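Residue numbers (the working numbering): 519 to 889. Idealized CB from N, CA, C, for every residue including glycine. Because the structure is a prediction, the values reported are computed rather than measured.
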């Protein structure tokens with residue numbers, strides 16, 4: 519699910535060349551996808567709130583697979599965008615329900631581990647999905663990458679149909695619950711922090727492949743290697759959280775924001791050296807994964823009776839940030855230069871750091887142990 523969201527980052531140049539458009543225009547694949555997920559996560563979650571979870575998962579995988587078939591045969595960029603709509607809609611439901619299920623089945627004291635294991639899927643999408651998708655795209659064309667994702671999704675569909683037990687919905691909320699949740703100032707600040715962090719990250723990361731190729735004159739293989747390092751670091755971040763996330767959640771969030779800010783700030787200087795860029799990729803990738811899991815853990819424990827709704831809004835806000843970041847990055851590429859994306863992302867990350875410092879001072883309960 520995450521591979522198909524992230525993989526266009528590694529294929530922007532190829533898709534742009536195939537349809538004779540600019541990389542900034544191709545970036546709309548990311549923006550449209552992310553904003554559909556942002557807009558539809560909560561409505562679709564509520565619409566399907568009473569559905570038995572196994573049937574819901576199988577249904578959304580059917581939409582996911584069919585949409586990838588359309589991606590493979592897309593005869594224009596507009597058709598490719600339409601195929602992304604179906605994928606985004608299935609994504610919107612998927613991430614609204616999975617974290618709550620993981621938390622529900624986790625033993626006492628293992629909530630951080632459960633979230634860490636779940637987030638490892640996101641890491642694997644970066645570690646294996648993005649670089650493998652790029653390699654497949656290099657060898658067989660970008661359409662083969664989407665076709666491969668569709669085939670893997672079909673295999674997962676069969677496994678789910680055979681192995682998953684019946685999973686009744688545990689949802690207890692409704693639209694009337696939203697105003698109650700949003701009266702919680704800590705939750706509102708967490709959501710704002712999530713929006714800023716992902717906007718900052720995707721301002722730079724959305725265009726990292728053409729940035730490395732054009733600004734750093736890095737080869738295709740080296741660019742793939744950097745993306746692989748970024749994902750490996752994400753797995754390391756997941757492991758770190760599983761070990762220390764229960765006790766030092768807030769501290770990990772603060773350190774991660776600082777590392778992300780510094781990584782984007784020095785990106786332009788680091789791109790001239792493959793070793794420096796590799797080091798930045800490791801720091802940045804680990805920091806991002808730590809932030810994702812840490813913020814998810816904070817949000818989902820705000821109200822245990824509305825975890826599906828909390829995670830639906832969490833997923834929506836993440837994707838709002840992804841879309842905004844891709845848009846800001848595209849604007850920077852078009853109106854400033856592609857070399858500026860790191861600085862623009864760092865400026866937004868600086869605002870998120872200020873918000874984090876405010877939250878630490880304003881909300882003592884932020885440092886409460888997850889348990």
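Quick one: give me the first and last residue of the alpha helix (DSSP H) that residue 536 is part of.
Counting from one through the chain shown, the residue named residue 536 turns up at place 18. First-last of the alpha helix (DSSP H) with residue 536: 526-537.
Name the two residues that bound the continuous alpha helix (DSSP H) containing residue 652.
Position 134 of the chain shown, counted from the first residue, corresponds to residue 652. First-last of the alpha helix (DSSP H) with residue 652: 648-658.
Quick check: what's the CA-CA separation for residue 711 versus residue 568?
Position 193 of the chain shown, counting from 1, holds the residue named residue 711. Position 50 of the chain shown, counting from 1, holds the residue named residue 568. Roughly 30 Å separates the two Cα atoms.
Out of curiosity, what's the CA-to-CA distance linking residue 854 and residue 754?
Counting from one through the chain shown, the residue named residue 854 turns up at place 336. Counting from one through the chain shown, the residue named residue 754 turns up at place 236. Their Cα atoms are separated by approximately 35 Å.
CA-to-CA distance, residue 830 to residue 681, given in whole angstroms:
Taking the first residue of the chain shown as 1, we reach residue 681 at position 163. Taking the first residue of the chain shown as 1, we reach residue 830 at position 312. Taking the straight line from one Cα to the other gives about 25 Å.
Beta-carbon separation of residue 559 and residue 593 under 9 Å?
In the chain shown, the residue the question calls residue 559 occupies position 41. In the chain shown, the residue the question calls residue 593 occupies position 75. It is not a contact, given that the beta carbons lie outside the stated cut-off.
Exposed or buried, what is residue 769 when buried is set at 16 or more other beta-carbons lying within 10 Å of its beta-carbon?
Stepping through the chain shown from its first residue, residue 769 is reached at position 251. Counting Cβ neighbours within 10 Å, residue 769 comes out exposed, since fewer than 16 surround it.
Alpha carbon to alpha carbon, how far is residue 747 from residue 740? Give it in angstroms, no decimals.
Position 222 of the chain shown, counted from the start, is the residue given in the question as residue 740. Position 229 of the chain shown, counted from the start, is the residue given in the question as residue 747. Each residue's alpha carbon lies about 11 Å from the other.
Given a threshold of 16 other Cβ atoms within 10 Å of its Cβ, counted over all protein chains shown, does residue 889 qualify as buried or as exposed?
Within the chain shown, residue 889 is the residue found at index 371, counting from 1. Any reading at residue 889 needs caution, since the residue's pLDDT is 46, under 50, leaving its predicted position unreliable; the model's value is listed next. Exposed is the label assigned to residue 889, since fewer than 16 other Cβ atoms lie within 10 Å of its Cβ.
N-terminal and C-terminal residue of the alpha helix (DSSP H) that residue 694 is part of:
Within the chain shown, residue 694 is the residue found at index 176, counting from 1. First-last for residue 694: undefined, no H or E at that position.
Short of 6 Å in beta carbon distance, which residues of its chain neighbour residue 803, apart from the five on each side in sequence? Order them along the chain.
Position 285 of the chain shown holds residue 803. Closer than 6 Å at Cβ, skipping near neighbours: 748, 751 and 752.
Own chain partners of residue 817 with C-beta closer than 6 Å, once the 5 adjacent residues on each side are dropped
Start at 1 with the first residue of the chain shown, and residue 817 comes out as number 299. Scanning its chain for C-beta atoms nearer than 6 Å, with the 5 sequence neighbours on each side dropped, one finds around residue 817 the residues 708, 828 and 832, in chain order.
At the level of alpha carbons, what is the spacing between residue 734 and residue 835?
Reading the chain shown from its first residue, position 216 is the one you call residue 734. Reading the chain shown from its first residue, position 317 is the one you call residue 835. Here the C-alpha atom of residue 734 lies approximately 32 Å from the C-alpha atom of residue 835.
Counting C-beta neighbours from all protein chains within 10 Å, is the total for residue 564 16 or more, i.e. buried, or is it exposed?
For the purposes of this step, residue 564 is taken as the residue at position 46 of the chain shown. Per the 10 Å Cβ criterion, buried.
Here's the rule I'm using: 16 or more other beta-carbon atoms within 10 Å means buried, otherwise exposed. How should residue 678 be labelled?
For the purposes of this step, residue 678 is taken as residue 160 along the chain shown, with counting starting at 1. It counts as exposed.
Distance, Cα to Cα, residue 669 vs residue 584?
For the purposes of this step, residue 669 is taken as the residue at position 151 of the chain shown. For the purposes of this step, residue 584 is taken as the residue at position 66 of the chain shown. Each residue's Cα considered, the two are about 10 Å apart.
C-alpha gap between residue 738 and residue 694, whole angstroms:
Taking the chain shown and counting its residues from 1, one reaches residue 738 at position 220. Taking the chain shown and counting its residues from 1, one reaches residue 694 at position 176. Near 51 Å, if we compare the C-alpha coordinates of residue 694 and residue 738.
Excluding the 5 residues preceding and the 5 following residue 652 in the sequence, name in chain order all residues of the same chain whose CB lies nearer than 7 Å to its CB.
Looking up residue 652 in the chain shown gives position 134. Within the same chain, residue 652 has close Cβ partners 528, 529, 742 and 745.
Got a sec? Which residues, its chain only, sit under 6 Å from residue 655 by beta carbon, not counting five neighbours each side?
Translated into the one-based positions of the chain shown, residue 655 becomes position 137. 529, 532 and 663.
With DSSP run on the structure shown, which of helix, strand or coil describes residue 603?
Taking the chain shown and counting its residues from 1, the one referred to as residue 603 is at position 85. Helix, per DSSP.
Touching by the beta-carbon criterion (3+ pairs, under 8 Å), the segment 717-724 and the segment 860-873
Contact between the segment 717-724 and the segment 860-873 is present, because at least three Cβ pairs lie under 8 Å.
What does the Cβ neighbour count give for residue 540, buried or exposed, with the cut at 16 atoms within 10 Å?
Locating residue 540 in the chain shown gives position 22, where the first residue counts as 1. With fewer than 16 other beta carbons inside 10 angstroms of its own, residue 540 counts as exposed.
In whole angstroms, what is the alpha-carbon distance linking residue 542 and residue 725?
As a position in the chain shown, residue 542 is number 24, starting the count at 1. As a position in the chain shown, residue 725 is number 207, starting the count at 1. Rounded to whole angstroms, residue 542 to residue 725 spans 8 Å at the Cα level.
Here's a check: name, in chain order, each residue in its chain whose Cβ is nearer than 7 Å to the Cβ of residue 727, leaving out the five neighbours to either side.
Locating residue 727 in the chain shown gives position 209, where the first residue counts as 1. By the criterion of a C-beta distance shorter than 7 Å, residue 727 is surrounded in its chain by 527, 528, 530, 531 and 741, once the five residues flanking it on both sides are discounted.
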